[in-house]
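Line by line, the protein sequences are chains A and B. 1 is the number of the first residue of the first sequence in our numbering; add one for each residue after it. 1001 is the number of the first residue of the second sequence in our numbering; add one for each residue after it. Down below is the structure, laid out as structure tokens.
2 protein chains.
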Amino acid sequence: MGFEHISSRRNKLIREAAALAASAERRREEARFLCEGARLCEDAARSGVQIDRCFFTEQAQRRYGEYLNRILPAAQEQFLVEEHVADLLSSTRNSQGIFCVCETPENLKQGKQAFSGACAVLENLQDPGNLGTVLRTAEALGIGCVFLLGDCCDPLSPKVLRASMGAVFRISVVAETSPVRLRDLLKRRGYTLYAAVPDAAASPVTAIDFSEGLHAVLIGNEGNGLTKEAVALCDIRLTIPMAGRAESLNASAAATILLWEMNRGAGY
Amino acid sequence: MGFEHISSRRNKLIREAAALAASAERRREEARFLCEGARLCEDAARSGVQIDRCFFTEQAQRRYGEYLNRILPAAQEQFLVEEHVADLLSSTRNSQGIFCVCETPENLKQGKQAFSGACAVLENLQDPGNLGTVLRTAEALGIGCVFLLGDCCDPLSPKVLRASMGAVFRISVVAETSPVRLRDLLKRRGYTLYAAVPDAAASPVTAIDFSEGLHAVLIGNEGNGLTKEAVALCDIRLTIPMAGRAESLNASAAATILLWEMNRGAGY
């Protein structure tokens, strides 16, 4: 097949794509992001994410031909790029040589808050690996929407995309900087808001009945927990009752337990 | 105070300590390991781990004096080492300049199987970060003992120690290469053995009553799950019922949910 070749690192499209990988601001401005890897680009295509361009290397054609067969038809433009050009786009050590410039999905655009069911709210979560993992777990456990409150890292950054295994394409993720606006949005729809706190005097999560009504749990970051402002907005303070040393539970494990408890009674 | 100085990277004690950090075989042979970091070395001292030697830098004396005040009295020998010497011992990017050569705790020596309560068995877990995280979660959730079955990584490697936040000093961790021997050991004490499998036809973990009797859950590694041999040794196959995409739950999140469920009914 005759794909257009790119052999210069100074090619304009390559430089645009590299800028999307490097800068959250650029991603916001253009409402586009860069997706890397055979599996992740296929996930994007499968999930109906709009793919503007796909860049791939000759080696990728040999090794990941099956993936490319499913990715390339979904892309508006396709470019065969040389290895040293692909290096500019990669944020992994062993690049697979497949990259897609994608349009930001609707659910990640501000003001497009489609959500239902049990919700998780992550406040000031700045570690991309943690955010990706929580999104992945939220998808597995059937959480309806993940809100990113305050100063969270960009869910479309290369690291989050990788750690989330593409969950970000499949579940609703809504960024909201204002705790008050978020509270109002959730309360209008009838949600009960819970603040997860490391306080033995709070309600044990196991004592809360999540099977009726709509529920949203707010979870803070590893270093500081929830802000006082966020806790004050909630209806109920809840905690994870533990037999052992509570300080040993890391943020991601705590989030896993909370998300699990929210849908545990769902009876599937 | 007049501590003995070490300024040469060829010093015999330093080379011995570096070898302990580098080699699991060496740790087994000597029944000793190297512990790095202010917090972790203090954890070792506090947990009653026998400390043969402590090496520390001048900078560590200034920055982590309070920690050293608690570590040094617990060590049999103390050495002030130069930065370039400390570099030889460090497996982190930003070393705190505190290192202890410690004796392997009794509970980690083969044949010393002191355990009680809910147990987790991890099979062929080779990622040090995952192992450390699971040990940390097990401690938080009050799991009585973690067995390392088959070809797991060494719980005393620098990476596991770091990821476990010292949990390995406080909970029982028992390595056992033979599934049959492990089964016999657990069955003799009256344990029921569960194999965690990704199979919707297995018993939902939420349907099992862990509140009576003794229970051990076997958990496989991320890539392959449990071996057939391990599954065959168990009494009951259990699974995590999920509303979403099951393949999205990573091994560490799955382990968190299983450990949580084992002690969830404990009523603390």
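Ideal Cβ placement from N, Cα and C applies to all residues, glycine included. The structure displayed is predicted, hence computed values, not measured ones.
What residues from chain A crowd round residue i, counting only those whose CB sits closer than 8 Å?
| i | result |
| --- | --- |
| S1248(B) | R136, T137, E139, A140, M165, A167 |
If the cut is a Cβ gap below 8 Å, which residues of chain B does residue i touch?
| i | result |
| --- | --- |
| R39(A) | The contacting residues do not exist; R39(A) stays about 11 Å from chain B at best. |
Please compile the residues from chain A whose C-beta is within a distance smaller than 7 Å of the C-beta of residue i.
| i | result |
| --- | --- |
| T1206(B) | R264 |
Against residue i, what residues of chain B qualify as contacts under a CB-to-CB distance less than 9 Å, listed in chain order?
| i | result |
| --- | --- |
| T133(A) | N1250, S1252, A1253 |
Give the range of the alpha helix (DSSP H) segment to which residue i is assigned.
| i | result |
| --- | --- |
| L169(A) | Checking the sequence shown, residue 169(A) turns out to be Phe, not Leu. 167 to 170 is the extent of the alpha helix (DSSP H) around F169(A). |
| A251(A) | 251 to 264 |
| D184(A) | 179 to 188 |
| Q59(A) | 58 to 63 |
| C234(A) | No alpha helix (DSSP H) contains C234(A), which DSSP labels as neither H nor E. |
| R1026(B) | 1024 to 1030 |
| C41(A) | 38 to 46 |
Taking the beta strand (DSSP E) that residue i belongs to, which residues open and close that run?
| i | result |
| --- | --- |
| L1080(B) | 1075 to 1081 |
| L148(A) | 145 to 149 |
| V217(A) | 214 to 219 |
| A163(A) | Counting along the chain, A163(A) falls outside any beta strand (DSSP E), though it belongs to the alpha helix (DSSP H) covering 158 to 164. |
| E222(A) | Counting along the chain, E222(A) falls outside any beta strand (DSSP E), and DSSP gives it neither H nor E. |
| L1072(B) | Element bounds for L1072(B): n/a, residue is neither H nor E. |
| L122(A) | 119 to 123 |
| I208(A) | Looking at the DSSP string, I208(A) is not in any beta strand (DSSP E), and its letter there is neither H nor E. |
| E247(A) | Segment: none, E247(A) is in no beta strand (DSSP E) and carries neither H nor E. |
Per the DSSP calculation, residue i is bridged to which residue(s)?
| i | result |
| --- | --- |
| T137(A) | DSSP output for T137(A) lists no bridge partner at all. |
| E1103(B) | R1032(B) |
| A196(A) | L238(A) |
| A175(A) | L148(A) |
| E4(A) | F79(A) |
| Y191(A) | L214(A) |
| R1053(B) | E1077(B), V1101(B) |
| S1203(B) | L1238(B) |
*Using a Cβ-Cβ cut-off of less than 7 Å, give me the residues of the stretch 233 to 262 of chain A that come near chain B, in sequence order.*
The stretch 233 to 262 of chain A vs chain B, Cβ under 7 Å: P241, M242, A243, G244, R245, A246, S248, L249, N250, A253, T256, I257, W260.
*For the stretch 1094 to 1107 of chain B against the stretch 1116 to 1128 of chain B, are there 3 or more C-beta pairs whose distance is under 8 Å?*
As far as the Cβ criterion goes, the stretch 1094 to 1107 of chain B does not touch the stretch 1116 to 1128 of chain B, which means the pair count is below three.
*Okay, do the stretch 204 to 216 of chain A and the stretch 149 to 160 of chain A touch, 3+ Cβ pairs below 8 Å being the bar?*
Verdict: no, contact absent.
*asked:* Does the stretch 174 to 184 of chain A come into contact with the stretch 39 to 57 of chain A, if we say contact requires no fewer than three beta-carbon pairs (one atom in each stretch) closer than 8 Å?
replied: Look at the beta carbons and you see the stretch 174 to 184 of chain A not touching the stretch 39 to 57 of chain A: under three pairs across the two are nearer than 8 Å.
*asked:* Under 8 Å: do the stretch 247 to 267 of chain A and the stretch 210 to 224 of chain A share three or more Cβ pairs, one atom per stretch?
replied: The stretch 247 to 267 of chain A, when compared against the stretch 210 to 224 of chain A, does touch it at the 8 Å Cβ threshold.
*Are three or more beta carbon pairs between the stretch 1234 to 1242 of chain B and the stretch 1186 to 1195 of chain B nearer than 8 Å?*
Taking 8 Å as the limit for Cβ pairs, the verdict is that the stretch 1186 to 1195 of chain B does touch the stretch 1234 to 1242 of chain B.
*So does the stretch 1167 to 1176 of chain B actually touch the stretch 1041 to 1049 of chain B, counting three or more Cβ pairs closer than 8 Å?*
These segments touch.
*Below 8 Å, can you find three or more Cβ-Cβ pairs linking the stretch 5 to 20 of chain A to the stretch 65 to 76 of chain A?*
Touching, no.
*Three or more C-beta pairs closer than 8 Å, one from the stretch 1127 to 1139 of chain B and one from the stretch 1078 to 1094 of chain B: is that the case here?*
Contact fails: fewer than three Cβ-Cβ distances are below 8 Å.
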